[in-house]
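Asks: Residue numbers (this note's numbering): 35 to 433.
Backbone N, C-alpha and C fix where the C-beta goes; we use that ideal spot for every residue, glycine too.
1. Quick check for students: name the residue ranges of the beta strand (DSSP E) that lie wholly in the segment 123 to 184, counting only runs of 3 or more.
2. I want to know whether the segment 239 to 257 touches the segment 222 to 229 - three or more CB-CB distances under 8 Å.
3. Could I get the ranges of all uninterrupted beta strand (DSSP E) runs contained in the segment 302 to 384, with 3 residues as the minimum, in chain order?
4. Can you give me the start and stop residues for the beta strand (DSSP E) that residue 400 sits inside?
5. Name the residue from 306, 369, 348 whose alpha carbon lies nearest to the alpha carbon of residue 280.
6. Quick one, are the C-beta atoms of residue 267 and residue 234 less than 8 Å apart?
7. With DSSP as the reference, label residue 204 as helix, strand or coil.
8. What is the rounded straight-line gap between the Cα of residue 137 and the Cα of residue 409?
9. Out of curiosity, what's the CA-to-CA distance linking residue 319 and residue 352?
10. For residue 77 and residue 103, which I take to be in contact (beta-carbon distance under 8 Å), what is that distance rounded to the nearest angstrom?
11. Let me know the alpha helix (DSSP H) ranges lying completely inside the segment 59 to 102, each 4 residues or longer, listed in chain order.
12. Would you check if there are 3 or more beta carbon pairs closer than 8 Å linking the segment 199 to 208 to the segment 155 to 167?
13. Can you round the beta-carbon distance between residue 70 and residue 432 to whole angstroms, since I take them to be within the 8 Å contact cut?
14. In the DSSP assignment, the beta strand (DSSP E) including residue 431 goes from what residue to what residue?
15. Relative to the C-alpha of residue 347, which residue among 255, 265, 356, 411 is closest?
16. Residue 407 by DSSP, collapsed to three states: which one?
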């Protein structure tokens with residue numbers, strides 16, 4: 035990897051995970067073991083659109099291209115256990131937003147990294163679950179993510195149980211992650227970059243799933259997280275009072291999220307509707323709303339087609355500006371578009387064709403973000419907002 039890169043958890047992998055985490059088309063049983071061994075593979079291409087040349091103060095307008103491969107294998111073990119392994123590998127190349135500066139008229143323009151990013155990431159997650167005869171599931175997971183300059187380890191535990199009537203289930207859980215970043219070119223080409231930094235995060239969650247009838251399921255969940263340590267982006271700079279400074283964020287962050295999901299089966303037309311809402315807030319003053327709607331339409335016994343629509347809007351962090359004319363007393367600064375106010379629309383289409391034991395899957399998503407899509411008024415849009423296309427194909431096999 036060279037020069038500068040964005041340090042998110044993989045945006046492409048996040049987009050794929052968001053789709054994968056949605057419930058099956060219609061789910062009734064909660065803490066019940068899947069008695070079938072399964073293997074699935076998926077490959078995806080994530081392509082960010084080039085920036086508008088009029089909003090870029092450099093010759094580079096290209097952004098990320100990411101190729102992703104995913105493997106999941108799960109199987110029952112003995113009478114009470116099941117095991118699942120998730121593996122993801124992605125390669126990325128392109129350029130990343132570096133900092134924002136004002137043009138002659140004071141309008142913000144994006145400066146790109148000006149170097150080709152070439153990196154790879156490997157994610158591993160192993161989970162083991164135990165099921166009791168009373169309808170209780172206890173799952174423990176351990177995972178690791180590695181790349182050239184970043185390493186993360188995580189642990190998780192989740193407990194799920196049902197009422198005697200099998201109509202209500204409850205979930206509680208927690209997770210811990212420890213990350214280490216060793217930025218490239220620190221103290222050589224970019225002396226302001228740290229040599230090595232760490233952060234930790236702790237998450238607690240609780241949820242309830244209720245079967246309202248033979249065709250309707252509703253779920254609601256709350257989660258709280260605390261992140262501690264180095265939360266800045268070492269690869270980003272900020273324009274402050276005619277000078278460039280290192281991106282600087284608080285060393286702690288409390289976050290909370292409330293998620294509600296509705297699943298409704300329409301037997302007369304052979305379809306299932308998914309409606310999701312998520313409210314997020316943190317002590318950086320970022321508040322976001324996400325609404326997702328998917329329609330799983332069966333066509334005969336072997337084909338399911340799923341159009342989907344997702345809307346997202348967020349407010350800005352209290353220490354965010356596209357650029358700063360004066361210094362702040364707390365010395366916190368960021369012009370990262372991910373902390374700016376904006377909204378986004380995602381339109382997608384997925385399909386699945388089922389053989390006896392084999393299924394073929396495919397999907398396409400188009401994501402567009404803009405200050406005009408935000409719920410609140412955005413006075414100045416960040417020029418680094420991203421648009422992307424995500425294509426994925428996969429195979430699923432049941433033994």
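Replies: Taking the coordinates as given:
1. 131 to 136, 142 to 146, 151 to 165, 170 to 181
2. no
3. 305 to 316, 321 to 333, 337 to 348
4. 392 to 404
5. 369
6. no
7. strand
8. 28 Å
9. C-alpha separation (whole angstroms): 6 Å.
10. 5 Å
11. none
12. no
13. 5 Å
14. Per DSSP, the continuous beta strand (DSSP E) segment holding residue 431 begins and ends at 422 to 432.
15. 411
16. helix
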